[in-house]
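Numbering (the working numbering), first residue to last: 293 to 519.
A virtual CB, placed ideally from N, CA and C, is assigned to each residue, including glycine.
It should be emphasised that the depicted structure is a prediction, and the values quoted were computed from it without experimental measurement.
Since the structure comes first, as structure tokens, the remarks are kept for the end.
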Amino acid sequence: MKIVIDAGHGYQTAGKRSKDGLREYEFNRQVAMFTKTLLEQYEKVSVFFTHSDERDVPLKERTNKANQLAADVFVSIHANAFGSGEWNSAGGIETYMYTSKPKGASELARLVQRQLCEKTKRKDRGVKTADFYVLRETKMTAILCECGFMTNYEEAQLLKSKAYQQLCAEAIVEALCSYYSISRKSNEDPKQYAVQVGVFEEKPNAEKLIKELKSKGYDALIKEVRS
């Protein structure tokens, strides 16, 4: 399964920062990294990024990459803002899908929204629709998560926190794995078994059997033992 994780914007995107200097991209990319690390613990999952630390990747380039990969799902990660940039009381979590309300996106968005709100304990602002470019131009199930407000002082401090970033990643991963029935990889180490064929008093007899076993494609060796 191909999962595309999109950390919105870039380090230098104009205006995308809190009053005390938090860049939105810093939060977005960290949640994306945590999400990738968690998803790599699951079976048959390949994770791809659309963003870059070097530049603000254009939206068209992001959606083109997801479409060319023939990805199964696209998740865009963001932090929200309200007003002119001053601290205010707007806060909480919201998850977006495209305006046509595709069935897959609708169900996944509800799962992600519920998990985000349960884990972060932030206000549930609900699942919403929007004509966002990354939702409109992707050819697969696509959602966009707004994980808190940079213009809310309390939430801005959370957005800076590794613990909060990890919670957001866990919520997204748990929702994805639930919706797509993705199984965690087994932690068991692969086992190997040795077979003993015989014990001989005369070494030539052991060598004869070794030769016969090797001729049949078996790995074999002679080990001296004491009675």
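TODO: Could you name the residues that DSSP lists as bridge partners for I369?
DONE: Looking up residue 369 in the sequence shown gives position 77. Per DSSP, A299, C437.
Task: Status (buried if at least 16 other CB within 10 Å, exposed otherwise) for N497 - done: If you number the sequence shown from 1, residue 497 lands on position 205. Here N497 is exposed, its C-beta having fewer than 16 other C-beta atoms within 10 Å.
Task: Burial state of V426 (16 or more Cβ within 10 Å) - done: One-based indexing of the sequence shown puts residue 426 at position 134. Classification of V426: buried, given that the 10 Å Cβ count is 16 or more.
Open item on the list: In whole angstroms, give me the CA-to-CA distance for A358 and V365.
Closed with: What you label residue 358 is simply residue 66 of the sequence shown in a count that begins at 1. What you label residue 365 is simply residue 73 of the sequence shown in a count that begins at 1. Using only the alpha carbons, I get a separation of about 9 angstroms.
- [ ] State the DSSP-derived secondary structure class of M325, mapped to helix, strand or coil.
- [x] As a first step, residue 325 must be located in the sequence shown, where it is residue number 33. M325 falls in the helix class under three-state DSSP.
Open item on the list: Just to confirm, is the Cβ distance from V465 to T327 under 8 angstroms?
Closed with: In the sequence shown, residue 465 corresponds to position 173, counting from 1. In the sequence shown, residue 327 corresponds to position 35, counting from 1. Contact: yes.
Open item on the list: Going by the DSSP bridge assignment, what does D416 pair with across the sheet?
Closed with: Your numbering for residue 416 matches position 124 in the sequence shown. I385, per the DSSP bridge assignment.
Task: Cβ pair A463, V367 closer than 8 angstroms - done: Here residue 463 refers to the residue found at position 171 when the sequence shown is read from its first residue. Here residue 367 refers to the residue found at position 75 when the sequence shown is read from its first residue. In this structure, V367 does not lie closer than 8 angstroms to A463 by Cβ.
- [ ] Apply the 10 Å Cβ neighbour rule to K308 and answer buried if 16 or more other Cβ atoms are within range, or exposed otherwise.
- [x] Taking the sequence shown and counting its residues from 1, the one referred to as residue 308 is at position 16. The residue is buried, with at least 16 neighbouring Cβ atoms inside 10 Å.
Task: Where the beta strand (DSSP E) containing V465 begins and where it ends - done: The residue given as residue 465 occupies position 173 in the sequence shown. First-last for V465: 454–472, but that is the alpha helix (DSSP H), not the beta strand (DSSP E).
Open item on the list: Using 8 angstroms as the cut-off, can you tell me whether the segment 486–503 makes contact with the segment 442–458, which would need three or more C-beta pairs spanning the two stretches below that distance?
Closed with: no
Open item on the list: Comparing C-alpha positions only, which one of G383, R321, A467 sits nearest to A397?
Closed with: Sequence index remark: in the sequence shown, residue 397 carries index 105 (1-based). It is A467.
Open item on the list: Buried or exposed for R321, going by 16 or more other Cβ atoms inside 10 Å?
Closed with: Indexing the sequence shown from 1 puts residue 321 at position 29. The residue in question, R321, is buried, as its Cβ has 16 or more Cβ neighbours within 10 Å.
Task: 8 angstroms Cβ cutoff met for I435 and R414 - done: Translated into positions along the sequence shown, residue 435 becomes position 143. Translated into positions along the sequence shown, residue 414 becomes position 122. Result no, Cβ atoms of I435 and R414 do not sit closer than 8 angstroms.
- [ ] Name, in chain order, the residues that DSSP records as bridge partners for T421.
- [x] The sequence position of residue 421 within the sequence shown is 129, counting from 1. When beta bridges are read from the DSSP output, T421 appears opposite M389.
Task: Opening and closing residue of the beta strand (DSSP E) in which S338 lies - done: The count along the sequence shown starts at 1 and reaches residue 338 at position 46. Segment 338–341, the beta strand (DSSP E) holding S338.
Task: Cβ-Cβ separation, G383 to E447 (assumed contact under 8 angstroms), whole Å - done: Residue 447 sits at position 155 when you count from the first residue of the sequence shown. Residue 383 sits at position 91 when you count from the first residue of the sequence shown. That pair is a contact at about 5 angstroms.
Open item on the list: Taking a contact to mean a Cβ-Cβ separation below 8 angstroms, would you say I369 touches V339 in this structure?
Closed with: Taking the sequence shown and counting its residues from 1, one reaches residue 369 at position 77. Taking the sequence shown and counting its residues from 1, one reaches residue 339 at position 47. Cβ atoms of I369 and V339: not closer than 8 angstroms.
TODO: Closer than 7 angstroms by C-beta to L330: which residues in its own chain qualify, once you throw out the five before and the five after it? Chain order, please.
DONE: Residue 330 sits at position 38 when you count from the first residue of the sequence shown. Hits under 7 angstroms: A461, E462, V465.
Open item on the list: For Q457, tell me which candidate among E346, R417, T412, S475 has the shortest Cα-Cα distance.
Closed with: Along the sequence shown, one-based indexing puts residue 457 at 165. For the residues E346, R417, T412, S475, the minimum Cα distance to Q457 belongs to T412.
TODO: Determine the DSSP secondary structure at K495, reduced to helix, strand or coil.
DONE: Numbered from its first residue, the sequence shown carries residue 495 at position 203. Helix, per DSSP.
Open item on the list: I believe T391 touches T421 by the beta-carbon criterion, under 8 angstroms. Please report the beta-carbon distance rounded to the nearest angstrom.
Closed with: In the sequence shown, counting from the first residue as 1, residue 391 sits at position 99. In the sequence shown, counting from the first residue as 1, residue 421 sits at position 129. About 5 angstroms; that satisfies the 8 angstroms criterion.
Task: Closest residue to Q333 among N479, A401, F424, R406 (Cα-Cα distance) - done: For the purposes of this step, residue 333 is identified with residue 41 of the sequence shown, where counting begins at 1. If we check each option's Cα against that of Q333, N479 comes out closest.
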